[in-house]
Amino acid sequence: MYIREEGLEADVATLPFDVRPAAQASFGDYGMPLMPWAGKQRLGRPPMQIAEGVAERLRTTHSAIIREVSVARPGFLNITLDQPSVGQGILARVAAAGEGYGVAQAGAGVKVVIEHTAINSNKAAHVGHLRNSCVGDTAARMLRTQGYQVEVQNYIDDTGVQVADVVVAQELIRRGELEVEGGPEPLPGESFDYYCSRIYVAVGKAYERRPELAEMRRAVLHSIEHGGAREPDLPDYAQQAAGLSAAIVQAHLTTMSRLNIYYTLLTWESAIVAAGLWRHTFETLRDRGILRKPESGPAKGAWILPFGEGDSSSDEGDHSSDKILVKSDGTATYTGKDIATQLWKFGISDDPSIGVHFHFLPWGKQENGEELWTMRATATADEAKREAPAADFGHANRVVNVIDVRQSYPQQVVYESLRRLGYVEQAENSRHLAYEVVALSPAAAASLGIDTSDGRSSYAMSGRKGIEIKADDLINLAIERLLAPREPDAAPSMSRATAATLATSAIRYFMVRFDLQQIIVLDIDQALRPSGDSGVYLQYAHARAQSILRRLGEAGYQAPTKLPSLPAALDQSEWDLLRHIDAWPRALAEATDLLEPHRVAAYAFDLATRFSDFYDHTSPVLREADASVKAFRAMLVRATTQTLRNALLTLGIEPLDRL
RNA sequence: GUACCCGUAGCUCAGUGGAUAGAGCGUUGGUUUGCGGAACCAAAGAUCGGAGGUUCGAGUCCUCUCGGGUACACCA
291 MYIREEGLEA DVATLPFDVR PAAQASFGDY GMPLMPWAGK QRLGRPPMQI
341 AEGVAERLRT THSAIIREVS VARPGFLNIT LDQPSVGQGI LARVAAAGEG
391 YGVAQAGAGV KVVIEHTAIN SNKAAHVGHL RNSCVGDTAA RMLRTQGYQV
441 EVQNYIDDTG VQVADVVVAQ ELIRRGELEV EGGPEPLPGE SFDYYCSRIY
491 VAVGKAYERR PELAEMRRAV LHSIEHGGAR EPDLPDYAQQ AAGLSAAIVQ
541 AHLTTMSRLN IYYTLLTWES AIVAAGLWRH TFETLRDRGI LRKPESGPAK
591 GAWILPFGEG DSSSDEGDHS SDKILVKSDG TATYTGKDIA TQLWKFGISD
641 DPSIGVHFHF LPWGKQENGE ELWTMRATAT ADEAKREAPA ADFGHANRVV
691 NVIDVRQSYP QQVVYESLRR LGYVEQAENS RHLAYEVVAL SPAAAASLGI
741 DTSDGRSSYA MSGRKGIEIK ADDLINLAIE RLLAPREPDA APSMSRATAA
791 TLATSAIRYF MVRFDLQQII VLDIDQALRP SGDSGVYLQY AHARAQSILR
841 RLGEAGYQAP TKLPSLPAAL DQSEWDLLRH IDAWPRALAE ATDLLEPHRV
891 AAYAFDLATR FSDFYDHTSP VLREADASVK AFRAMLVRAT TQTLRNALLT
941 LGIEPLDRL
């Protein structure tokens with residue numbers, strides 16, 4: 291309008307409309323820099339003059355929601371809103387949307403397969419895996435709010451040496467040849483995955499002392515990878531390994547369900563190999579001339595994917611930038627099988643003529659009531675009756691792989707392979723959601739008996755060496771700390787169930803509140819702190835708000851569902867709270883587009899602090915005499931709980947109504 | 001060697017190229033009668049690792065550099 295009236299030649303669409311919340315309350319509510327409009331390529335006049343001009347036009351429109359328009363150097367347009375009318379609109383929107391406040395349809399009709407957790411099936415989950423699962427589960431929940439159809443897959447590498455190692459450990463224990471810290475038998479109350487972690491560490495030490503065990507390890511691994519091929523007098527290692535993997539995965543699922551983390555489908559590396567998906571993928575890559583088989587050099591006899599600029603050498607020796615997909619003994623590498631899995635996720639291996647067929651069978655009901663499915667290469671006639679159609683799984687438009695940042699290079703190889711096979715669109719719709727690792731603080735490391743006298747600021751975990759904090763241990767410790775009386779003589783103040791929910795809140799919040807590229811140096815006290823910027827604080831804010839609503843109801847007060855008008859003057863804390871509630875749908879949509887869960891955590895914390903502000907700066911709703919003020923505040927509290935509730939659910943935290 | 005990530009208050013971290021860089025923890029001092037104090041208020045605490053550059057404007061973008069981490073395996 292300004293441009294037209296001034297008779298200026300400019301394409302309005304090219305001008306940035308960069309409206310943002312004001313940096314300071316004294317500027318107004320929203321600000322918009324008009325400096326970018328000033329350049330010679332744009333309007334060609336000083337920014338202050340433009341700002342004055344636009345401000346004048348805005349003033350003369352007499353909009354109901356704008357109370358004041360001002361201008362500040364060097365060219366900001368500041369807008370102060372009419373609080374009663376804008377606030378009324380915000381409250382009405384939240385009330386109308388309810389649980390759907392923040393929900394959008396940007397992803398309608400788009401199927402996303404998101405893979406997370408993916409813990410090797412030979413040991414218990416540790417806090418590093420927890421970050422993966424919490425980030426992945428939160429991302430899945432975020433995607434669902436935007437209308438995406440989300441399938442959560444948990445990929446289990448059940449064929450590698452780590453599983454073989456536990457089988458070797460069991461065999462050595464049977465022969466009475468393995469020394470295990472804590473004893474070779476499961477301890478009373480010890481879960482199976484914990485027991486396996488223990489004997490896994492023990493067998494690792496045994497390998498160092500007894501090099502001749504390498505032969506046994508190789509035999510077990512070969513048996514697992516080829517199934518059936520075994521000496522008649524030896525145990526069936528393949529079957530033993532399969533049973534082991536299933537039991538450990540079940541233990542992982544139990545751990546994750548304590549944190550409200552659930553899945554749609556378990557995918558197994560053994561099934562991908564057994565169904566011929568890997569063989570088909572390999573043959574396709576080979577037949578299209580994408581692979582090479584060097585006759586000499588370090589990769590002699592292996593099938594490689596040429597990658598990068600060729601070979602390079604450094605002080606540490608020669609490196610090939612090629613990626614080996616098939617080892618010289620004919621077995622596939624991790625990356626090779628990852629390419630096959632990625633193709634399947636997109637539904638590319640669907641063609642019946644390929645002959646790759648998976649059976650999808652129920653694994654069991656999860657605690658959230660949803661069925662978990664598993665994927666197998668074969669099924670008995672009986673099982674086939676319970677099978678789900680293969681079309682229900684995979685066939686994604688977009689694939690998200692939640693894997694730590696150290697796997698960036700292999701992931702890049704996977705996506706590049708898709709591209710070279712001609713699946714350019716699928717390659718572009720593949721996303722490696724990379725996160726940094728969890729390391730241990732010196733205090734945490736010392737608690738595991740590690741020598742920290744070298745003064746390093748953090749210590750890497752290692753499941754192989756037993757240097758790790760297990761997920762269940764952290765959860766249990768959190769519960770104990772919450773149950774511990776705050777005053778020396780006081781009785782426990784909450785039930786065990788409440789403490790468990792709070793522990794979940796604290797841990798999930800802690801695991802996602804950092805930027806993904808930030809290494810988390812885990813300090814137990816910091817992670818489980820129940821005050822300040824924490825999941826527990828969010829729960830208290832929510833419970834306090836709920837308690838106000840509950841007591842209003844008990845007093846027979848019926849809050850109106852619609853307000854004829856708001857009080858003319860709002861308290862600053864009321865206005866700040868309203869504006870932040872208003873920001874939720876946009877904050878959630880942006881966080882989801884960027885797949886940055888920490889933004890949701892930050893939003894929830896900001897909302898909770900603004901509610902606390904409001905709570906402490908206004909007189910109690912319960913005793914409010916002025917009917918219109920009471921109605922407004924009751925609705926504001928209701929809108930707050932609704933928004934906070936929606937944010938907590940997105941974070942996978944079950945909101946508590948009372949503590 | 002090559003590539004990527006991190007460096008912001010004593011500590012742990014936020015921070016769309018935009019106005020006076022924000023939280024939590026810790027420190028110091030406050031808040032009883034009023035809806036749950038695991039809360040709130042106030043104070044102190046930052047030449048955003050360093051040097052150049054681009055820009056009307058840089059913690060944010062570019063180049064160089066210093067410190068820390070990771071990857072470049074027929075491991076997983």
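If you want my numbering, it's the position in the first sequence, counting the first as 1, plus 290. Think of the CB as a built atom: it goes at the ideal place given N, C-alpha and C, for glycine as much as any other residue.
### Query
With 16 other CB atoms within 10 Å as the buried threshold, where does Gln373 fall?
Buried, since its Cβ has 16 or more Cβ neighbours within 10 Å.
#### Entry: Whole runs of the alpha helix (DSSP H) within the stretch 541-613, excluding any shorter than 4 residues
Taking only runs of at least 4 residues, the alpha helix (DSSP H) segments lying wholly in the stretch 541-613 are 559-564, 567-577.
### Task
Using the Cα positions of Asp947 and His722, report the straight-line distance between them to the nearest angstrom.
Counting only the Cα atoms, His722 lies some 37 Å from Asp947.
### Task
For my contact list, Gly365 and Pro337 are in at a C-beta cut-off of 8 Å; report their separation, rounded to the angstrom.
The pair is a contact, with the Cβ atoms about 3 Å apart (cut-off 8 Å).
### Message
Less than 9 Å between the beta carbons of Ala667 and Ala565, yes or no?
### Response
One thing to note: Ala667 has its Cβ within 9 Å of the Cβ of Ala565.
### Task
Kindly confirm or deny that the stretch 527-535 and the stretch 452-467 touch, where touching means at least three C-beta pairs closer than 8 Å.
The answer is yes - the stretch 452-467 touches the stretch 527-535, with three or more Cβ pairs under 8 Å.
#### Entry: Through-space distance from Gly825 to Phe800, alpha-carbon basis
So the two alpha carbons sit approximately 7 Å from each other.
### Query
Where does the unbroken alpha helix (DSSP H) through Asn936 begin, and where does it stop?
DSSP places Asn936 in the uninterrupted alpha helix (DSSP H) bounded by 917-940.
### Query
From the DSSP output, which residues share a beta bridge with Tyr438?
DSSP output for Tyr438 lists no bridge partner at all.
### Query
What first and last residue would you give for the alpha helix (DSSP H) that runs through Trp237?
Residue 237 lies beyond the range of the chain shown here (291 to 949); nothing can be said about it.
### Message
Please identify the residue among Leu333, Arg332, Leu433, Pro311 whose C-alpha is closest to the C-alpha of Leu939.
### Response
Closest option to Leu939, Cα to Cα, is Leu433.
### Message
Extract the residue ranges of the beta strand (DSSP E) inside the stretch 777-823, only unbroken runs of 3 or more that lie entirely within it.
### Response
The stretch 777-823 contains these whole beta strand (DSSP E) runs: 810-812.
### Query
Just to confirm, are Ala898 and His832 a CB contact at a threshold of 9 Å?
In this structure, Ala898 lies near His832, with their beta-carbon atoms less than 9 Å apart.
### Query
Contact check, Ala669 vs Ile562 under 8 Å by CB: the rounded distance?
Incorrect: roughly 15 Å between the Cβ atoms, too far for contact.
### Query
Thinking C-alpha only, which one of Arg332, Val344, Glu405, Pro311 is nearest Leu371?
Measuring C-alpha to C-alpha distances from Leu371 to each of Arg332, Val344, Glu405, Pro311 identifies Pro311 as the nearest.
### Message
Can you tell me where the alpha helix (DSSP H) holding Ile644 begins and where it ends?
### Response
Neither: Ile644 is in no alpha helix (DSSP H) and is coded neither H nor E.
### Query
Given a threshold of 16 other Cβ atoms within 10 Å of its Cβ, counted over all protein chains shown, does Asn936 qualify as buried or as exposed?
Its Cβ being crowded by 16 or more others within 10 Å, Asn936 is buried.
### Task
Could you tell me whether the stretch 850-868 touches the stretch 921-931, where touching means 3 or more Cβ pairs closer than 8 Å?
As far as the Cβ criterion goes, the stretch 850-868 touches the stretch 921-931, which means the pair count is three or higher.
### Message
Rounded to whole angstroms, what is the Cα-Cα separation between Thr791 and Asp883?
### Response
Their Cα atoms are separated by approximately 29 Å.
### Message
Are the CB atoms of Ser783 and Arg776 within a distance shorter than 9 Å?
### Response
In this structure, Arg776 sits near Ser783, with a CB-CB distance shorter than 9 Å.
### Message
For the stretch 717-734 against the stretch 438-450, do three or more pairs of beta-carbon atoms, one drawn from each stretch, fall closer than 8 Å, so that the two count as touching?
### Response
Cβ pair count under 8 Å is below three, so no.
### Message
Going by beta-carbon coordinates alone, are Thr930 and Phe904 separated by less than 9 Å?
### Response
Yes, the Cβ-Cβ distance between Thr930 and Phe904 is below 9 Å.
### Query
Taking buried to mean at least 16 other C-beta atoms within 10 Å of its own C-beta, is Gln436 buried or exposed?
Buried is the label assigned to Gln436, since at least 16 other Cβ atoms lie within 10 Å of its Cβ.
### Task
May I have the straight-line CA-CA distance separating Gly473 from Ala734, to the nearest angstrom?
Straight-line Cα distance between these residues: approximately 25 Å.
#### Entry: Extent of the continuous beta strand (DSSP E) run through Asp762
Run containing Asp762: none in the beta strand (DSSP E); it sits in the alpha helix (DSSP H), 761-773.
### Query
Based on the DSSP secondary-structure assignment, which residues constitute the bridge partners of Lys663?
The amino acid occupying residue 663 in the given sequence is Trp; Lys does not appear at that position. According to DSSP, Trp663 bridges with Leu555, Pro652.
### Query
Buried or exposed: which applies to His516, given that a residue is buried once 16 or more other Cβ atoms fall within 10 Å of its Cβ?
Exposed is the call here.
#### Entry: Distance between beta carbons of Ala686 and Val403, contact taken as under 8 Å
Contact between Val403 and Ala686 holds, since their C-beta atoms are separated by about 4 Å, short of 8 Å.
### Query
Is it true that the CB of Ala674 sits closer than 9 Å to the CB of His647?
No, Cβ-Cβ distance for His647 and Ala674 is not below 9 Å.
### Task
Name the residue from Asn766, Leu333, Ala386 whose alpha carbon lies nearest to the alpha carbon of Lys852.
Measuring from the Cα of Lys852, the nearest candidate turns out to be Ala386.
#### Entry: Residue range of the unbroken alpha helix (DSSP H) whose run includes Tyr391
From DSSP, Tyr391 is part of no alpha helix (DSSP H); its letter is neither H nor E.
### Query
So, is Ile355 buried or exposed, given that buried needs 16 or more other C-beta atoms within 10 angstroms?
It is exposed - the Cβ of Ile355 has fewer than 16 other Cβ atoms within 10 Å.
### Query
Whole beta strand (DSSP E) runs in the stretch 404-481 with 3 or more residues, listed along the chain?
You should have 439-446.
### Query
Between the stretch 800-814 and the stretch 874-888, do at least 3 Cβ pairs fall closer than 8 Å?
Yes, the stretch 800-814 touches the stretch 874-888.
### Message
What does the Cβ neighbour count give for Gln314, buried or exposed, with the cut at 16 atoms within 10 Å?
### Response
That one is exposed.
### Message
Rounded to the nearest angstrom, what separates Asp672 and Leu651 at their Cα positions?
### Response
One C-alpha to the other measures close to 11 Å.
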